[in-house]
């Protein structure tokens, strides 16, 4: 299955939090989108890996993604080395996306920055035909995505561009609320965490509103890039 967009997240719910509305919008425009989670989030304070497996499947259905996979790297301890790069390369070559979305380049959780660099490096290496990989007994062809974008997470990084996601913020929130173990629930007896508060829940919307305000729309999501953005003409800018 060839996808238009492949979104990677270090943990289940990273993609939903960072670019869930963008994913929902692109799917509404007819694009095929998949998600690959690097870990099962097994070190998370709340919930379990099994619970998060179920929640991520539900969240993916809400967004309407075509496929969701989990590479089962060790939460907290995966590194950017050949072994892990090759597993990511296999996913890139399997789905041949034109665009890859990945974690924030710098963030509160150490896995986010690591995951960002790991996926970015793998996108480049995936285009080298002398790196041989196979999946399910089939040799894979080299493939390099045209574009790699990094979504923004906990830290308020300055975006290089923003996507107008007006009309899709509710779908983003709905997908996040599928992670019942992770976010605010007044009836939960789980330990408190920074993302399990009412304030954080509310911030999902007001951060999108703030970015939207800056581009004269209702809601927006921001991204950073490693290379210059290019447009064919000034009229391409919104």
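In the numbering used here, the protein residues as written are 86 to 323. Glycine is no exception: its CB is placed at the ideal position from the N, C-alpha and C atoms.
With 16 other CB atoms within 10 Å as the buried threshold, where does residue 188 fall? With 16 or more other Cβ atoms within 10 Å, it is buried.
In the structure shown, what three-state DSSP assignment does residue 146 receive? Helix at residue 146.
Beta-bridge pairing of residue 223 - partner residues as DSSP gives them: Beta-bridge pairing by DSSP links residue 223 to 220.
Any idea if residue 323 is buried or exposed, counting beta-carbon neighbours within 10 angstroms, 16 or more meaning buried? A residue is called buried once 16 or more other Cβ atoms fall within 10 Å of its Cβ, and residue 323, having fewer, is exposed.
Distance, Cα to Cα, residue 225 vs residue 178? Straight-line measurement puts the Cα of residue 178 at about 6 Å from the Cα of residue 225.
Alpha carbon of residue 88 to alpha carbon of residue 119, nearest angstrom: Looking at the two C-alpha atoms, the distance is approximately 7 Å.
Given a cut-off of 8 Å, decide if residue 165 and residue 203 are closer than it, judged by their beta-carbon atoms. In contact: residue 203 and residue 165 (Cβ atoms closer than 8 Å).
Since residue 306 sits in a beta bridge, which residues does DSSP pair it with? Answer is 248.
CB-CB under 7 Å to residue 263, same chain, minus the five flanking residues each way: which ones, in chain order? Contacts found: 140, 143, 144, 147.
Would you please state the rounded distance, in angstroms, between the beta carbons of residue 308 and residue 245? I believe it to be under 8 Å. Yes, residue 308 and residue 245 are in contact; Cβ-Cβ is about 7 Å, under 8 Å.
DSSP has residue 187 in a bridge; who is on the other side? Answer by DSSP bridge pairing, in chain order: 235.
Check whether the Cβ atoms of residue 276 and residue 153 lie closer than 8 Å to each other. With contacts defined as CB atoms closer than 8 Å, residue 276 and residue 153 fail to qualify as a contacting pair.
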